[in-house]
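First the structure, in the form of structure tokens, and then the observations on it.
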Amino acid sequence: MASYFVFFRFTERGVKNVRESPARVETAKKSFRELGATVKAFYALMGAYDTVFIVEAPDDETAARAALATASLGNVRTETVRAFDEDEFKRIVAALP
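The C-terminal residue of the sequence shown carries number 147 in the working numbering, and the numbering is unbroken.
Right, here's the structure in full:
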């Protein structure tokens, strides 16, 4: 499984209804699961992003589909970043010409 960080920023609507966020997190985790991705962890953040999911998915398309499904509800904007663990990083570096 590939790993991803899915960063979330609240939209104006999301901030206005921030008290509903814990329930929305649970709904998003369920949606990710139904679309074939697994949310391994959730964190609320300070800084440029409001929250993040650490996700495992079989491929980029699955990760993108899950993030888009969540963003389409209008409470957040997303940015998804592919993450490589240490072993993957070592293989990438070892394969350099």
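Virtual Cβ for every residue (Gly too), placed ideally from N, Cα, C.
Could you give the DSSP three-state label for residue i: helix, strand or coil?
{"i": "F134", "result": "coil"}
{"i": "S53", "result": "strand"}
{"i": "A91", "result": "strand"}
{"i": "T101", "result": "strand"}
{"i": "T128", "result": "strand"}
{"i": "A107", "result": "strand"}
Please determine, among the options, the residue with the shortest C-alpha to C-alpha distance to residue i.
{"i": "T101", "options": "Y93, A107, P108", "result": "Y93"}
{"i": "L85", "options": "A114, I142, E138", "result": "A114"}
{"i": "E129", "options": "F103, E76, K66, R83", "result": "F103"}
Roughly how many whole angstroms lie between the Cα atoms of residue i and residue j?
{"i": "K140", "j": "L146", "result": "10 Å"}
{"i": "V89", "j": "A52", "result": "12 Å"}
{"i": "A78", "j": "N125", "result": "11 Å"}
{"i": "T61", "j": "V68", "result": "10 Å"}
{"i": "T112", "j": "L118", "result": "10 Å"}
{"i": "L123", "j": "E138", "result": "34 Å"}
Heavy atom of the ligand MG less than 8 Å from the Cβ of residue i, yes or no?
{"i": "E76", "result": "In the structure shown, the ligand MG is absent, as is every other ligand, since no ligand is present at all."}
Just to confirm before moving on: does the CB-CB distance between residue i and residue j stay below 9 Å?
{"i": "P108", "j": "A133", "result": "no"}
Quick check on the burial criterion: 16 or more other C-beta atoms within 10 angstroms. Buried or exposed for residue i?
{"i": "A98", "result": "exposed"}
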